[in-house]
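Chains as they are written, first to last, in our numbering: chain A, 15 to 356; chain B, 15 to 356.
No residue lacks a Cβ here, since even glycine has one placed at the ideal position from N, Cα and C.
Model, not experiment: these values are computed from the prediction.
Have a look at the structure below, then the notes.
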DNA sequence: GTTAGCACTCATCTTAGTGGAGTGCTAATA
DNA sequence: TATTAGCACTCCACTAAGATGAGTGCTAAC
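As structure tokens, this is what we get:
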């Protein structure tokens, strides 16, 4: 059997209607509210076909139909085709005041959640191998040394290092210069034993301090915690089909913990093909707690090799059209914001 | 009528039982499971008295009794009396590596949530008027200046300031010295126009830069965002009495937003009498979304004038005894951790 | 190929009935 | 006088039995 044009129209009508109401949709509804001018009986025949083909199914005998995962998939795919062209032009080249990026991304998550009424997540763009821009060593007190690490992305991190022996001001200045000379522009993989040895040599009796500082730097650079901003998790409770209190609970927990979300995002990010907008329906999502949901993610590229993801989690009867459009226009907005700022 | 010893015992038995089961408790239950050896009829009479006095009530005619807010209040107060003495010795003097404090507090929130099965929150200790320990100005690139602000509490913040005119390395060093000389040890209220003027004078043509830097410093010092760490918010769904999906939703939202939590905590913190452990029952809580809950908070003092709060939110039938004990022992643990670290 | 019509299914809502836990009251007892 | 046993009563929670209605599948006619 083949999906002719009429079947496609009916399928789309069924899905759209279901997205609105959340109720199984019957043949009479479709026959009344479409421009097809077909009787309910005809629709019934077509629906029966669509069911055989696996696009829709009945939750119980003699109820209306709801879209299967395959049905959603078809809907999304046909929707996507129209959008893909635009999407390719979407790369936002964001390089902005990095100290505000946390606030911004949190804001984006919130905005998206408020606009869509779904749960959202935004991951912080992270370079695979961030390079060091410079270090700044300052004495906090007799025993403590403040190490400020500035990355190529203008991200600033700081660590406090214990000093076993008192270090004179001049020595500190010298250390500062030495370490910067050696480390500037390097990423973690490039800081090898040879480099370390040379630095230690120059530091003389303070070579242990150098080791401690390097540890702190490595720690700061590789820190990954809290890379994800979420919002609207409570929106999940608005959808009866997710609200069986077992599922909702698990889902909310996933959002609270965030750890699994990181996995979801990094998983989908490693795949080079997964740029642009991606839709996971039901079982397609990598996370167990989301098997009854749909997840839409979008990748954005801040600069060469630095990607972040924006994701939306909602019920399978998600308003895919709106979500995709919102994601897109959000990207454009982001683009503008970043351009203004930089 | 008076609360004689027997009434107290019966009231406590009722509350304990209700805490365990979550069901209204009847006279027969009490007569069987206490060492009072009274018949259910006697208990009934006493219960009737307790109801008249407002400590318990029937959710509907001829059902068992459940504690009223007043009943909980009595229970908690009599519980507290035993504990207050210990509590006064509890102040933990935490001064630790400030860069790890975020992680630590998040961990505390989680630990507490896992142990109690309630929702928890921990506020970051914040001095009313934090003093500046020192500043560190570094050049990021031609147009950007990195300002690192270190507070008395060893907290480190950074801001990026735009430079309109290029600044020479030497000038930057000088500015660094000048600003530190003037600002070290001051809090925001002490940086007055006189101080600002003197600094500007020394800075000569770079006086606008000084203004910008000061703005950044003020911004960094007064920043309050994300002062609260939460965990276990999803535990709320475990309690049927909160799970009417309207209430649960609001509660979870409160935890997601955190803004209101800040209010709850700062509200209770301003009151000088509210040190130590505090219990809000039902309507006593300042937040609307928690009118059906109980909230237990504990204040901890890091150093003179620097307080933080730990809070637990759960159903009114909270296991107050356990919560209070847990909060206490957690304090002790914290104490030890901080002592090791500092 | 399309449609009208009819018998059938099944979730949902309503209603009535039942059981049980619990109370209040009264009269008897220690 | 305080305590207790006993009984009538209340009301929630649960179940079973219709009633309703939306929706289907199938057949025969157009």
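Nearest residue (CA-CA) to residue i, options the options
{"i": "residue 91 of chain B", "options": "B:26, B:145 and B:232", "result": "B:26"}
{"i": "residue 50 of chain B", "options": "B:34, B:84 and B:22", "result": "B:22"}
{"i": "residue 340 of chain A", "options": "A:73, A:68 and A:125", "result": "A:125"}
{"i": "residue 65 of chain B", "options": "B:30, B:35, B:17 and B:33", "result": "B:17"}
{"i": "residue 196 of chain A", "options": "A:127, A:335, A:221 and A:146", "result": "A:146"}
{"i": "residue 225 of chain B", "options": "B:161, B:251 and B:297", "result": "B:161"}
{"i": "residue 321 of chain A", "options": "A:58, A:295 and A:290", "result": "A:290"}
{"i": "residue 89 of chain A", "options": "A:155, A:328, A:334 and A:61", "result": "A:334"}
{"i": "residue 256 of chain B", "options": "B:270, B:151 and B:133", "result": "B:133"}
{"i": "residue 424 of chain A", "options": "A:298, A:266, A:202 and A:53", "result": "No statement about residue 424 of chain A is possible, as the shown extent of chain A runs from 15 to 356 and does not include it."}
{"i": "residue 327 of chain B", "options": "B:344, B:338, B:308 and B:337", "result": "B:308"}
{"i": "residue 164 of chain B", "options": "B:236, B:208 and B:15", "result": "B:236"}
{"i": "residue 305 of chain A", "options": "A:115, A:262 and A:342", "result": "A:262"}
Between the CA atoms of residue j and residue i - distance to the nearest angstrom
{"i": "residue 302 of chain B", "j": "residue 41 of chain B", "result": "34 Å"}
{"i": "residue 272 of chain A", "j": "residue 117 of chain B", "result": "15 Å"}
{"i": "residue 241 of chain B", "j": "residue 311 of chain B", "result": "16 Å"}
{"i": "residue 314 of chain B", "j": "residue 243 of chain B", "result": "15 Å"}
{"i": "residue 233 of chain A", "j": "residue 167 of chain B", "result": "22 Å"}
{"i": "residue 179 of chain A", "j": "residue 219 of chain A", "result": "10 Å"}
{"i": "residue 227 of chain B", "j": "residue 138 of chain B", "result": "26 Å"}
{"i": "residue 275 of chain B", "j": "residue 155 of chain A", "result": "35 Å"}
{"i": "residue 331 of chain A", "j": "residue 296 of chain A", "result": "10 Å"}
{"i": "residue 248 of chain A", "j": "residue 63 of chain B", "result": "43 Å"}
{"i": "residue 173 of chain A", "j": "residue 231 of chain A", "result": "8 Å"}
{"i": "residue 216 of chain B", "j": "residue 198 of chain B", "result": "16 Å"}
{"i": "residue 87 of chain A", "j": "residue 130 of chain A", "result": "20 Å"}
{"i": "residue 186 of chain B", "j": "residue 152 of chain A", "result": "15 Å"}
{"i": "residue 33 of chain B", "j": "residue 61 of chain A", "result": "54 Å"}
{"i": "residue 267 of chain A", "j": "residue 329 of chain B", "result": "19 Å"}
{"i": "residue 169 of chain A", "j": "residue 188 of chain A", "result": "24 Å"}
{"i": "residue 84 of chain A", "j": "residue 44 of chain A", "result": "20 Å"}
{"i": "residue 182 of chain A", "j": "residue 176 of chain A", "result": "15 Å"}
{"i": "residue 294 of chain B", "j": "residue 75 of chain B", "result": "28 Å"}
{"i": "residue 53 of chain A", "j": "residue 265 of chain A", "result": "42 Å"}
{"i": "residue 246 of chain B", "j": "residue 120 of chain B", "result": "11 Å"}
{"i": "residue 57 of chain B", "j": "residue 70 of chain B", "result": "13 Å"}
{"i": "residue 105 of chain B", "j": "residue 342 of chain B", "result": "In this predicted model, residue 105 of chain B has a pLDDT of only 31, less than 50, meaning its place in the structure is not dependable; the value taken from the coordinates is given anyway. So the two alpha carbons sit approximately 10 Å from each other."}
Distance cut-off 6 Å: residue i Cβ against heavy atoms of the ligand HEM
{"i": "residue 165 of chain A", "result": "You won't find the ligand HEM in this model; it holds no ligand whatsoever."}
9 Å Cβ cut-off: residues of chain B touching residue i
{"i": "residue 257 of chain A", "result": "259"}
Beta-carbon neighbours of residue i, restricted to chain B and to distances below 7 Å
{"i": "residue 247 of chain A", "result": "270"}
8 Å Cβ cut-off: residues of chain B touching residue i
{"i": "residue 251 of chain A", "result": "259, 262, 263 and 266"}
Cβ neighbour criterion (16 or more within 10 Å) applied to residue i
{"i": "residue 191 of chain B", "result": "exposed"}
{"i": "residue 38 of chain A", "result": "buried"}
{"i": "residue 254 of chain A", "result": "exposed"}
{"i": "residue 68 of chain B", "result": "exposed"}
{"i": "residue 122 of chain B", "result": "buried"}
{"i": "residue 31 of chain B", "result": "buried"}
{"i": "residue 222 of chain A", "result": "exposed"}
{"i": "residue 81 of chain B", "result": "buried"}
{"i": "residue 20 of chain A", "result": "exposed"}
{"i": "residue 28 of chain A", "result": "buried"}
{"i": "residue 211 of chain B", "result": "exposed"}
{"i": "residue 73 of chain B", "result": "exposed"}
{"i": "residue 278 of chain B", "result": "buried"}
{"i": "residue 128 of chain B", "result": "exposed"}
{"i": "residue 55 of chain B", "result": "exposed"}
{"i": "residue 108 of chain B", "result": "Any reading at residue 108 of chain B must be qualified, since the residue scores a pLDDT of 36, below 50, and its modelled position is unreliable; the value itself is stated next. Per the 10 Å Cβ criterion, buried."}
{"i": "residue 157 of chain A", "result": "exposed"}
{"i": "residue 149 of chain A", "result": "buried"}
{"i": "residue 36 of chain B", "result": "exposed"}
{"i": "residue 135 of chain A", "result": "buried"}
{"i": "residue 344 of chain A", "result": "buried"}
What residues in the region 146 to 173 of chain B have a beta carbon less than 8 Å from any beta carbon of chain A? Cβ contacts with chain A come from 147, 148, 150, 152, 154, 158, 160, 162, 164, 168, 170, 172 and 173.
Using Cβ-Cβ distances below 8 Å, what residues of the region 261 to 283 of chain B are close to chain A? When C-beta distances to chain A are compared with 8 Å, the residues of the region 261 to 283 of chain B below that value are 262, 263, 266, 267 and 270, in chain order.
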